[in-house]
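Asker: Structure below; questions to follow.
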Amino acid sequence: MGGQKTPPPSSSSSSSPSWFSHFCSSALRTKPINSPLDTILVSRNSTDALVRRLGLLDLILLGVGASIGAGIFVVTGTVARDAGPGVTFSFILAGLSCVLNALCYAELASRLPAVVGGAYLYAYSAFNELTAFLVFGQLMIDYHIGAASIARSLASYVVTILEMFPVFKDNIPSWIGHGGEEFFGGTLSINLLAPFLLALLTVILCLGVGESSIVNSFMTVLKVIIVIIVIFVGAFEVDVSNWSPFAPHGVKEILTGATVVFFAYVGFDAVANSAEESRRPQRDLPLGIIGSLVICIALYIGVCLVLTGMVPYYLLGEDAPLAEAFTSKGLKYVSILISIGAVAGLTTTLLVGLYVQSRLYLGLGRDGFLPSLFSKVHPTRHTPIHSQVWVGIVAGTLGGLFNVHVLSHILSVGALTGYSVVSACVLALRWKDKTASQFSSRWTSAWREGVLCIVTVACCGFAAGLFYRFSASFIFLVVAVVIAILATAALCCRQTYTNPPGFSCPGVPIVPAVCVFFNMFLFAQLHHEAWVRFVVLSIIMVAIYAFYGQYHAKPGSDESIIYQRAPTEATR
Numbered sequence: 001m002g003g004q005k006t007p008p009p010s011s012s013s014s015s016s017p018s019w020f021s022h023f024c025s026s027a028l029r030t031k032p033i034n035s036p037l038d039t040i041l042v043s044r045n046s047t048d049a050l051v052r053r054l055g056l057l058d059l060i061l062l063g064v065g066a067s068i069g070a071g072i073f074v075v076t077g078t079v080a081r082d083a084g085p086g087v088t089f090s091f092i093l094a095g096l097s098c099v100l101n102a103l104c105y106a107e108l109a110s111r112l113p114a115v116v117g118g119a120y121l122y123a124y125s126a127f128n129e130l131t132a133f134l135v136f137g138q139l140m141i142d143y144h145i146g147a148a149s150i151a152r153s154l155a156s157y158v159v160t161i162l163e164m165f166p167v168f169k170d171n172i173p174s175w176i177g178h179g180g181e182e183f184f185g186g187t188l189s190i191n192l193l194a195p196f197l198l199a200l201l202t203v204i205l206c207l208g209v210g211e212s213s214i215v216n217s218f219m220t221v222l223k224v225i226i227v228i229i230v231i232f233v234g235a236f237e238v239d240v241s242n243w244s245p246f247a248p249h250g251v252k253e254i255l256t257g258a259t260v261v262f263f264a265y266v267g268f269d270a271v272a273n274s275a276e277e278s279r280r281p282q283r284d285l286p287l288g289i290i291g292s293l294v295i296c297i298a299l300y301i302g303v304c305l306v307l308t309g310m311v312p313y314y315l316l317g318e319d320a321p322l323a324e325a326f327t328s329k330g331l332k333y334v335s336i337l338i339s340i341g342a343v344a345g346l347t348t349t350l351l352v353g354l355y356v357q358s359r360l361y362l363g364l365g366r367d368g369f370l371p372s373l374f375s376k377v378h379p380t381r382h383t384p385i386h387s388q389v390w391v392g393i394v395a396g397t398l399g400g401l402f403n404v405h406v407l408s409h410i411l412s413v414g415a416l417t418g419y420s421v422v423s424a425c426v427l428a429l430r431w432k433d434k435t436a437s438q439f440s441s442r443w444t445s446a447w448r449e450g451v452l453c454i455v456t457v458a459c460c461g462f463a464a465g466l467f468y469r470f471s472a473s474f475i476f477l478v479v480a481v482v483i484a485i486l487a488t489a490a491l492c493c494r495q496t497y498t499n500p501p502g503f504s505c506p507g508v509p510i511v512p513a514v515c516v517f518f519n520m521f522l523f524a525q526l527h528h529e530a531w532v533r534f535v536v537l538s539i540i541m542v543a544i545y546a547f548y549g550q551y552h553a554k555p556g557s558d559e560s561i562i563y564q565r566a567p568t569e570a571t572r
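Numbered according to UniProt numbering, the sequence shown spans residues 1 to 572.
Given below as structure tokens:
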């Protein structure tokens, strides 16, 4: 597959055909998966390896901390205004679709648990170098803008809590935390509290994974306790007549609501990026991914039922529906708890987001896509401090100088791209005798046929999403679904699948194909500027790879840590 780094072509041989052929051969390289014995030796002897300190409970709290932010107190009500009490089914449907994605993540986390990488690693192992680099680019834009946006929201909530005390009431300027002080017609929006909070969390993450895990666990447990209190107190204020009619605007609004609240579950994939710091990755990573998601589904359903039972759906507020619902019942102290829960939720979401970003940069540094500085791990703290500080600087700059909330409509592209690629990776890595038959023309034909079927399912999902979004004729939607079913049938009948070590996703290839279809269906529901962002960023990433990445990548070099399967015995 070409594990050695190829030097740039000299001027005498830098003709367009040779450059293009080098680009193609480099782009198609894959990350080799070595033997279990090699995994043990590399993982234990490398000075640049992270330390395994996270247990199952830590991983579950990591996933819950990443998934549930302030949105549980807001998005439930905003969607309920359109879907009515049927918003509960919206969360159930979205949760079930996320469970299918989680099953795919769980298999790959169990199959490739040696070191960090997540969706980037899986794409590198299953497909090729260029695909992995593109996935990284889409994910990082989401992470950087998302971290800056969350930091601003967190700053606003912190100021709101401070203003509950008379000494701070109306005495905190906007450039401290509320929104920001705008200059040059809004081009700049100064907010000092957001970068301060980011710097504080970055320091905690640099201290070590054990210290940051303690902070995340405390804040996540606090947040979950507050949500349970909200559900318990609200249950005594429920008027079941508010649940009738349960779907006042029909099934379509429930389905539309499911496409919106799907993103409330995004974050469980963060568990997969803690692979190198998990004590027993093959057992704990799948349980952590699925367990955290199940907890989130239960909490969201509970909040939905309480909220729509307390107040008629058409009277719910837009900005703070849950807090307003309790205030209308004379339970203002619950509104204060909700504000505290929002701060805890945003803190854990931001903390885990910064954590995941640094581990991705660590993986890119090890693979040569970034300067070697990003691959360094502190010898005593066992954290990628350079990567962590860089992530904090980028988020702090964006959050402190710009109103990144206006970019929220182009987010979620990275998450959907990552989920779709991960589902496709489950299929690609299951195809039987891939390594033994890699030089067989018959195998090559089968491989290309399988990839074509996956692409067909993805295109049909996107087309179906467009037909649904713009209310096209029902026949077009049916045609798209039928073609996707035929492509999935081809995956069932024309490919042979192996049984992977560790956790195995059930229903292969149907479950991964359904995930790809639904993820692309959701992709079609995004703002059109999000599509433009996907195309433009992909072109930029290809250019970066063409002029830098292909010459510096080292997918199989002995000088770096190699992503490998972790043996069963070593993870017990």
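Beta carbons are placed, not taken as given, at the ideal position from N, Cα and C, and that holds for glycine.
(1) In whole angstroms, what separates the C-alpha of Val99 from that of Val511?
(2) Rounded to a whole number of angstroms, what is the C-alpha to C-alpha distance between Ile214 and Ser292?
(3) Any heavy atom of the ligand SAH closer than 8 Å to the CB of Gln357?
(4) If distances are taken between C-alpha atoms only, which option among Phe127, Val64, Gly65 comes closest to Arg430?
(5) Would Val520 and Phe136 qualify as a contact pair, given that the criterion is a beta-carbon distance under 9 Å?
(6) Quick one: residues in its chain with C-beta nearer than 7 Å to the C-beta of Val260, no 5 flanking neighbours on either side, listed in chain order?
(7) Thinking Thr348 and Met219 are a contact (beta carbons under 8 Å), I'd like their distance in whole angstroms, please.
(8) What distance in whole Å lies between the Cβ atoms of Ala106 and residue 620, which are believed to be in contact at a cut-off of 8 Å?
(9) Please classify His409 as buried or exposed, where buried requires at least 16 other C-beta atoms within 10 Å of its C-beta.
(10) Touching or not, the segment 55-65 and the segment 292-301, by the rule of three or more beta carbon pairs under 8 Å?
(11) When you compare only the Cα positions, how much space is there between Ala458 and His22?
(12) Please go through the segment 174-222 and give each complete alpha helix (DSSP H) segment of 4 or more residues, from N-terminal end onward.
(13) Are the beta-carbon atoms belonging to Leu108 and Cys453 less than 9 Å from one another?
(14) For the alpha helix (DSSP H) that Gln138 lies in, which residues bound it at each end?
(15) On a CA-only basis, which of Ile393, Ser420, Asn403 is nearest Val203? Give me that one, please.
(16) Got a sec, what are the start and stop residues for the alpha helix (DSSP H) Ser423 sits in?
(17) To test your reading of the DSSP string, which unbroken alpha helix (DSSP H) runs of 4 or more residues are found completely within the segment 81-132?
(18) Just tell me which of Leu93, Val116, Trp243 has its CA closest to the CA of Tyr313.
(19) Is the segment 163-176 in contact with the segment 145-152, if contact means three or more CB pairs nearer than 8 Å?
(20) Just mark His144 as buried or exposed, buried being the case when its beta carbon has 16 or more other beta carbons within 10 Å.
(21) I want to know whether the segment 361-377 touches the segment 174-192 - three or more CB-CB distances under 8 Å.
(22) Which first and last residues belong to the alpha helix (DSSP H) in which Tyr355 is found?
(23) Comparing alpha-carbon positions, which option in Ala27, Ala155, Leu307 lies nearest Thr131?
(24) First and last residue of the alpha helix (DSSP H) that includes Asn519?
(25) Give me, in chain order, the residues of the same chain whose beta-carbon lies closer than 7 Å to that of Leu154; leave out the 5 immediate sequence neighbours on both sides.
(26) To the nearest angstrom, report how far apart Leu307 and Gly234 are at their CA atoms.
(27) Leaving aside the five residues before and after Ser97 along the sequence, list all residues of the same chain whose C-beta is less than 7 Å from its C-beta, in chain order.
(28) On the CB-based measure, 16 or more other CB atoms within 10 Å of its CB, does Glu276 come out buried or exposed?
(29) Does Leu57 pass the burial test, meaning 16 or more other C-beta atoms within 10 Å, or should it be called exposed?
(30) Should Asp284 go down as buried or exposed, given a rule of 16 or more other Cβ atoms within 10 Å for buried?
(31) Tell me which residues share the same chain as Gly396 and place their Cβ nearer than 7 Å to its Cβ, disregarding the 5 neighbours each side in the sequence.
(32) Roughly how many angstroms separate the alpha carbons of Gly177 and Arg81, rounded to a whole number?
(33) Name the DSSP beta bridge partners of Leu54, please?
(34) Looking at the structure shown, is residue 573 part of a helix, part of a strand, or coil, going by DSSP?
(35) What's the C-alpha gap between Ser18 and Ser25?
(36) Give me the residue from Asp142, Gly71, Phe91 with the minimum Cα distance to Leu411.
Answerer: On the basis of the coordinates in this document:
(1) As a position in the sequence shown, residue 99 is number 99, starting the count at 1. As a position in the sequence shown, residue 511 is number 511, starting the count at 1. In a straight line, the C-alpha of Val99 is about 10 Å away from that of Val511.
(2) The residue labelled residue 214 in the question sits at position 214 within the sequence shown. The residue labelled residue 292 in the question sits at position 292 within the sequence shown. Taking the straight line from one Cα to the other gives about 17 Å.
(3) Looking at this structure, you won't find the ligand SAH or any other ligand, since it has none at all.
(4) In the sequence shown, residue 430 corresponds to position 430, counting from 1. Selected option, being the one with the closest Cα: Phe127.
(5) Counting from one through the sequence shown, the residue named residue 520 turns up at place 520. Counting from one through the sequence shown, the residue named residue 136 turns up at place 136. Sequence inspection shows Met at residue 520; the Val mentioned does not correspond to that position. Not closer than 9 Å, so no.
(6) Stepping through the sequence shown from its first residue, residue 260 is reached at position 260. Closer than 7 Å at Cβ, skipping near neighbours: Val79.
(7) Taking the sequence shown and counting its residues from 1, one reaches residue 348 at position 348. Taking the sequence shown and counting its residues from 1, one reaches residue 219 at position 219. Sure, about 5 Å apart at Cβ, within 8 Å.
(8) Coverage of the chain is limited to positions 1 through 572, which leaves residue 620 absent and any answer about it impossible.
(9) The count along the sequence shown starts at 1 and reaches residue 409 at position 409. Exposed is the call here.
(10) yes
(11) Translated into the one-based positions of the sequence shown, residue 458 becomes position 458. Translated into the one-based positions of the sequence shown, residue 22 becomes position 22. Their backbone Cα atoms lie some 29 Å apart in a straight line.
(12) 193-207
(13) As a position in the sequence shown, residue 108 is number 108, starting the count at 1. As a position in the sequence shown, residue 453 is number 453, starting the count at 1. The answer is no: Cβ separation not under 9 Å.
(14) As a first step, residue 138 must be located in the sequence shown, where it is residue number 138. Looking at the DSSP string, the run of the alpha helix (DSSP H) that includes Gln138 is 129-162.
(15) By one-based count along the sequence shown, residue 203 stands at place 203. The shortest C-alpha separation from Val203 is found at Ile393.
(16) In the sequence shown, counting from the first residue as 1, residue 423 sits at position 423. Segment 413-430, the alpha helix (DSSP H) holding Ser423.
(17) 87-111, 118-126
(18) What you label residue 313 is simply residue 313 of the sequence shown in a count that begins at 1. Checking every option, the nearest Cα to that of Tyr313 belongs to Trp243.
(19) no
(20) Indexing the sequence shown from 1 puts residue 144 at position 144. Classification for His144: buried.
(21) no
(22) Translated into the one-based positions of the sequence shown, residue 355 becomes position 355. 332-366 is the span of the alpha helix (DSSP H), which, as asked, contains Tyr355.
(23) Counted from its first residue, the sequence shown places residue 131 at position 131. When each option's Cα is compared against that of Thr131, the closest is Ala27.
(24) Indexing the sequence shown from 1 puts residue 519 at position 519. First-last of the alpha helix (DSSP H) with Asn519: 510-523.
(25) Here residue 154 refers to the residue found at position 154 when the sequence shown is read from its first residue. For Leu154, where only same-chain residues beyond five positions count, the Cβ hits under 7 Å are Leu197, Val343, Leu346, Thr347, Leu350.
(26) In the sequence shown, counting from the first residue as 1, residue 307 sits at position 307. In the sequence shown, counting from the first residue as 1, residue 234 sits at position 234. Whole-angstrom Cα-Cα distance: 8 Å.
(27) The residue given as residue 97 occupies position 97 in the sequence shown. Around Ser97: Phe262, Phe518.
(28) Taking the first residue of the sequence shown as 1, we reach residue 276 at position 276. With 16 or more other Cβ atoms within 10 Å, it is buried.
(29) Counted from its first residue, the sequence shown places residue 57 at position 57. With fewer than 16 other Cβ atoms within 10 Å, it is exposed.
(30) The count along the sequence shown starts at 1 and reaches residue 284 at position 284. Flag for Asp284 reads buried.
(31) Taking the first residue of the sequence shown as 1, we reach residue 396 at position 396. The answer, listed in chain order, is Pro195, Leu198, Ala199.
(32) Position 177 of the sequence shown holds residue 177. Position 81 of the sequence shown holds residue 81. Approximately 29 Å between the Cα atoms of the pair.
(33) The sequence position of residue 54 within the sequence shown is 54, counting from 1. Answer is Ser278, bridged to Leu54.
(34) What is shown of the chain runs 1 to 572, which leaves residue 573 out entirely.
(35) Counting from one through the sequence shown, the residue named residue 18 turns up at place 18. Counting from one through the sequence shown, the residue named residue 25 turns up at place 25. So the two alpha carbons sit approximately 11 Å from each other.
(36) Mapped onto the sequence shown, residue 411 falls at position 411. Comparing Cα-Cα distances from Leu411 to each of Asp142, Gly71, Phe91, the minimum goes to Asp142.
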